[in-house]
Amino acid sequence: IVITAQEILVDNASYPTPGIEKNSHDYRPLGMGYANLGALLMSRGLAYDSDKGRNLSAAISALMSGHAYATSSLIAKRLGPFRGYPSNEKPFLNVIGMHRSHAGKIPREDVPKDLVDAAVRSWDEALSLGERFGFKNAQISVIAPTGTIAFMMDCDTTGIEPDIALVKYKWLVGGGVIKIVNGTVPEALRRLGYSTSQTDEILHYLQDNDTIEGAPHLKPEHLAVFDCAFKPSKGSRSIHYMGHVKMMSAVQPFISGAISKTVNMPNSVTVDEIMQTYVNSWKMGLKAIAIYRDGSKRTQPLTTSLDEKDKIKPLEKVAYKPLRKRLPDQRDATIHKFSINGNEGYLMVGLYADGSPGEIFVVMSKEGSTISGLMDAFATSISIALQYGVPLRVLVNKFIHTRFEPAGMTNNPEIRFAKSVVDYIFRYLGLKYLSKEDQDAMGLAKTMVENHETQAKLVEPAQKPAEQRVVEHESASRLEPDLLTFDPQSDAPACDNCGMIMVRAGSCYKCLNCGNTSGCG
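Shown next as structure tokens:
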């Protein structure tokens, strides 16, 4: 059923590139696999790194792939083989024959006889059908890592992996940690002949000590059954890295593709040992191998002890701690004099080497006044924000349109009207140091253009005939009330940008203060 369902999906799936799509339709590779093998072996009282465990795993894999190939051939009987089969028929049948040959070599000691017999029969059937009808799929099996999907299926282990540890701590992305205890241990203990009371005592010891080594009643010869990929924090046992390679070697002859599996190596492993592991894997017929040296990552989502918490926390603090970038003692600066409704002040901007602002000072003409003291404190806080990496565009966007006294006309041709000292300062900083794109996004460039257009309209023409000037004066007098006043509607909302009452503009509302609209354009 699984192979049939996967085969149907080949034509109904979407592919990232035309090349991948063509290859998928020409060869129709599938990827059937399994998960929870490590827990299965433990539940049967078999050590992962043992001949008995490897033989059982080989028999299971042989039965799965043999039956899958037989099903693929039956589909080819109805629909024809995959497009690339005619040109690959002879080598393809040779590969099926080699699979069949390896199935006959599975040791039958300590493996259920009916399981091995079924595996051999499945390959006999696959070869017989394939010689008559061919195969619909060039590949039918791989061993995927399964990951978190395995835990959704209530698995204790993923893919072909053993458990990482009997007791492990999972660090959550949002903070916190959960303790995970292997749920297969009680079944394994019962399989090994321990009584209910003995099992309970062993489990309590495991919960309290994070290791099964030294547990009461547990026989030394049974410790290997509970060996995992990592050594427990209070123990000394783990699966040797060649145990992982040997398990893959036992299963690989019955898998079409590669096996996704981590070969866990201790932190003390040498470069030569890693190289030799790759060489041994190649000699043992593996198609792929992934080596992980314990502790080679800065942080690990799964750990065997809470003791590692102290090691991880400082790294998180270092990674996320904001760093202050101070200006050099000798720095460039600009000084800008401004006047708002007759209130003069000076804005000094200290610059980094790249010309970006890193501090500001604001001096008002009336020293000792309340506003002067407030501006000193405000400038200091903005300077610290800039030095800790707050983008200038964020500050400008936050503080423009701030309204309070003093406000009014300015002596800056680019900022003709300021709603407050803060509004003026950040408009100036935005026009001086932000990119054109940021200025356009905040409406600063538009405001500057409107100011110039307003100035142009206010310029008196050089010389016109007296009669024409009289007529224009009379027209202006008649139009002046309509041009300079408006009747705000009682239901007009406040501007969500600056807080001013908006006026109706067609079916929408517009703010005459900052130009914001209610969303209709």
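All residue numbers in the sequence shown are consecutive under the numbering used here, ending with 677. Beta carbons are placed, not taken as given, at the ideal position from N, Cα and C, and that holds for glycine. In this text, all values refer to a predicted model and were calculated from it rather than measured experimentally.
State yes or no: is the C-beta of residue i within less than 8 Å of the C-beta of residue j?
{"i": "R572", "j": "L600", "result": "no"}
{"i": "D452", "j": "I445", "result": "The question names Asp, but residue 452 in the sequence shown is Ser. Not closer than 8 Å, so no."}
{"i": "I299", "j": "G209", "result": "no"}
{"i": "G315", "j": "T302", "result": "yes"}
{"i": "L285", "j": "A226", "result": "yes"}
{"i": "P342", "j": "L359", "result": "yes"}
{"i": "E177", "j": "K292", "result": "no"}
{"i": "C384", "j": "D319", "result": "yes"}
{"i": "M598", "j": "N553", "result": "yes"}
{"i": "M421", "j": "D450", "result": "yes"}
{"i": "A294", "j": "A218", "result": "no"}
{"i": "V518", "j": "I581", "result": "yes"}
{"i": "D392", "j": "I296", "result": "The displayed chain sequence assigns Ser, not Asp, to residue 392. Not in contact: S392 and I296 (Cβ atoms no closer than 8 Å)."}
{"i": "C670", "j": "H557", "result": "yes"}
{"i": "M404", "j": "L442", "result": "yes"}
{"i": "V337", "j": "K326", "result": "no"}
{"i": "N672", "j": "G564", "result": "no"}
{"i": "G194", "j": "V381", "result": "no"}
{"i": "E287", "j": "L249", "result": "yes"}
{"i": "D182", "j": "R239", "result": "yes"}
{"i": "T548", "j": "L590", "result": "Looking at the sequence shown, residue 548 is not Thr but Leu. Yes."}
{"i": "L503", "j": "I516", "result": "yes"}
Per the DSSP calculation, residue i is bridged to which residue(s)?
{"i": "W438", "result": "Answer is none; W438 lacks a bridge partner."}
{"i": "T314", "result": "Looking at the DSSP assignment, T314 forms no beta bridge with any residue, so it has no partner."}
{"i": "V519", "result": "Y502"}
{"i": "T673", "result": "K666"}
{"i": "A541", "result": "Paired residues: none, contrary to the question."}
{"i": "I571", "result": "N568"}
{"i": "I496", "result": "N499, T566"}
{"i": "S297", "result": "M188"}
{"i": "A489", "result": "G506"}
Buried or exposed for residue i, going by 16 or more other Cβ atoms inside 10 Å?
{"i": "T566", "result": "buried"}
{"i": "A407", "result": "Rather than Ala, the amino acid found at residue 407 in this sequence is Val. That one is buried."}
{"i": "K613", "result": "Any reading at K613 must be qualified, since the residue scores a pLDDT of 47, below 50, and its modelled position is unreliable; the value itself is stated next. So K613 ends up on the exposed side."}
{"i": "P237", "result": "buried"}
{"i": "C667", "result": "buried"}
{"i": "P268", "result": "exposed"}
{"i": "V427", "result": "exposed"}
{"i": "P569", "result": "exposed"}
{"i": "K261", "result": "exposed"}
{"i": "G514", "result": "buried"}
{"i": "H373", "result": "exposed"}
{"i": "F410", "result": "buried"}
{"i": "S213", "result": "buried"}
{"i": "K481", "result": "exposed"}
{"i": "L165", "result": "exposed"}
{"i": "D579", "result": "buried"}
{"i": "S109", "result": "Since the first residue of the chain shown is 157 and the last is 677, residue 109 is not available in this structure."}
{"i": "P263", "result": "exposed"}
{"i": "D205", "result": "buried"}
For residue i, does the three-state DSSP call read helix, strand or coil?
{"i": "K481", "result": "coil"}
{"i": "T173", "result": "coil"}
{"i": "N420", "result": "strand"}
{"i": "Y580", "result": "helix"}
{"i": "E369", "result": "coil"}
{"i": "G564", "result": "strand"}
{"i": "H396", "result": "coil"}
{"i": "L503", "result": "strand"}
{"i": "M117", "result": "Nothing about residue 117 can be reported from this structure: the residues present for the chain run from 157 to 677 only."}
{"i": "T160", "result": "helix"}
{"i": "A275", "result": "helix"}
{"i": "R449", "result": "strand"}
{"i": "A414", "result": "coil"}
{"i": "P342", "result": "helix"}
{"i": "S631", "result": "For S631, the predicted model reports a pLDDT of 42, less than 50, meaning its position is unreliable; a value from the coordinates is still stated below. Three-state result, S631: helix."}
{"i": "G514", "result": "strand"}
{"i": "A385", "result": "coil"}
{"i": "H378", "result": "helix"}
{"i": "F291", "result": "coil"}
{"i": "K390", "result": "coil"}
{"i": "K443", "result": "coil"}
{"i": "R347", "result": "helix"}
{"i": "H557", "result": "coil"}
{"i": "R549", "result": "helix"}
{"i": "I527", "result": "helix"}
Are there any heavy atoms of the ligand COA lying less than 7 Å away from the beta-carbon of residue i, as far as the coordinates show?
{"i": "P547", "result": "Annotation note on the ligand COA: not contained in the displayed structure, which lists no ligands."}
Please specify which runs of the alpha helix (DSSP H), each continuous and at least 4 residues long, are wholly inside the segment 190 to 260, giving them in chain order.
-> Entirely contained in the segment 190 to 260, the alpha helix (DSSP H) runs reaching 4 residues are, in chain order, 193 to 199, 207 to 235, 245 to 259.
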